[in-house]
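Chemist: The sequence shown: position 38 = 38 (the working numbering), numbered continuously. Cβ coordinates follow ideal geometry from the N, Cα and C atoms, glycine included.
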Amino acid sequence: MTLRFALLALPLALAACDQMQDFRMPWDPPPAPEAPAEPGLPTIPEPTGASPTVQPLEVAGPTAKVSTAEAETLAVTNLTAAGEGWTASVTGSTARFQPAGGNASNIDVRRIPYSGGVEYIGVLGGQPFVLRVNAQDCGGQPLTATLRARGTTLPGCATPASAA
């Protein structure tokens, strides 16, 4: 009788020591998987009802000027940039990109100043064209350029052609 009791109590004792929280016996069927929860529909916040042309969206109180663009590159509108195997020049809203040994391409670009410098963004052959210019010295030139075109990122240097 004690042997039978010991054999019956042994699986229970082993289960208590195990970290596994599944108390099914080997011949029990596995539990049915739970269906994933359906995500709720996105909600759009209610508009404030204020129009910037009618009522300013600023908070009253003391204000301080905050720099949102890098000062050295803010006035640069035309520039020439070059790196190993590429050259690019920007005049107004047009960039001219020429890879080494390739044909030059004119790209309509949009100028976006930001806290780290200025970016010229356009589309070249259906892919993004980004010329990023930072105010860091690059050899003997005052600006550092990074070009992303045709899926590759290329480093280089830049020089402003004129300032606004």
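Which residue marks the beginning of the alpha helix (DSSP H) containing Glu70, and which one marks its end?
Modeler: To locate residue 70, count along the sequence shown from 1; it is residue 70. Counting along the chain, Glu70 falls outside any alpha helix (DSSP H), and DSSP gives it neither H nor E.
Chemist: So the beta strand (DSSP E) Trp86 belongs to, where does it begin and stop?
Modeler: Numbered from 1 along the sequence shown, position 86 holds the residue referred to as residue 86. Residues Trp86 to Thr91.
Chemist: Would you mind stating whether Val123 and Thr146 have Cβ atoms separated by less than 9 Å?
Modeler: Looking up residue 123 in the sequence shown gives position 123. Looking up residue 146 in the sequence shown gives position 146. Their beta carbons are not under 9 Å apart, which means Val123 does not touch Thr146 by this criterion.
Chemist: Nearest to Ala161 by CA position, among Phe5, Gly92 and Pro42, is which residue?
Modeler: Sequence index remark: in the sequence shown, residue 161 carries index 161 (1-based). Nearest of Phe5, Gly92 and Pro42 to Ala161, Cα basis: Gly92.
Chemist: Closest by CA to Ala100, which one among Glu84, Asn106, Thr80 and Asp108?
Modeler: Along the sequence shown, one-based indexing puts residue 100 at 100. Among Glu84, Asn106, Thr80 and Asp108, the Cα nearest to that of Ala100 belongs to Glu84.
Chemist: Report yes if the C-beta distance between Ala158 and Thr80 is below 9 Å; otherwise report no.
Modeler: Within the sequence shown, numbered from 1, the residue matching residue 158 stands at position 158. Within the sequence shown, numbered from 1, the residue matching residue 80 stands at position 80. Closer than 9 Å, so yes.
Chemist: With H, G and I counted as helix, E and B as strand and the rest as coil, what does DSSP make of Thr43?
Modeler: The sequence position of residue 43 within the sequence shown is 43, counting from 1. Coil.
Chemist: Under 9 Å, do Pro30 and Arg24 count as touching if we go by C-beta distance?
Modeler: Within the sequence shown, the letter at position 30 stands for residue 30. Within the sequence shown, the letter at position 24 stands for residue 24. Yes; because the gap between Cβ atoms is below 9 Å, this pair is in contact.
Chemist: Buried or exposed for Arg4, please, with buried defined as at least 16 other CB atoms from any protein chain shown within 10 angstroms of its CB.
Modeler: The residue labelled residue 4 in the question sits at position 4 within the sequence shown. Exposed, since its Cβ has fewer than 16 Cβ neighbours within 10 Å.
Chemist: So which of Pro128, Ile107 and Gly139 has the shortest CA-CA distance to Gly151?
Modeler: Position 151 of the sequence shown holds residue 151. Considering only alpha carbons, the answer is Pro128.
Chemist: Ser105 lies in the beta strand (DSSP E); which residues open and close that run?
Modeler: As a position in the sequence shown, residue 105 is number 105, starting the count at 1. Taken as a continuous stretch (DSSP letters only), the beta strand (DSSP E) holding Ser105 covers Ser105 to Tyr114.
Chemist: Using 9 Å as the threshold, is the C-beta distance between Val90 and Thr77 below it?
Modeler: For the purposes of this step, residue 90 is taken as the residue at position 90 of the sequence shown. For the purposes of this step, residue 77 is taken as the residue at position 77 of the sequence shown. Their beta carbons are under 9 Å apart, which means Val90 touches Thr77 by this criterion.
Chemist: Buried or exposed for Trp27, going by 16 or more other Cβ atoms inside 10 Å?
Modeler: Numbered from its first residue, the sequence shown carries residue 27 at position 27. Trp27 should be labelled exposed.
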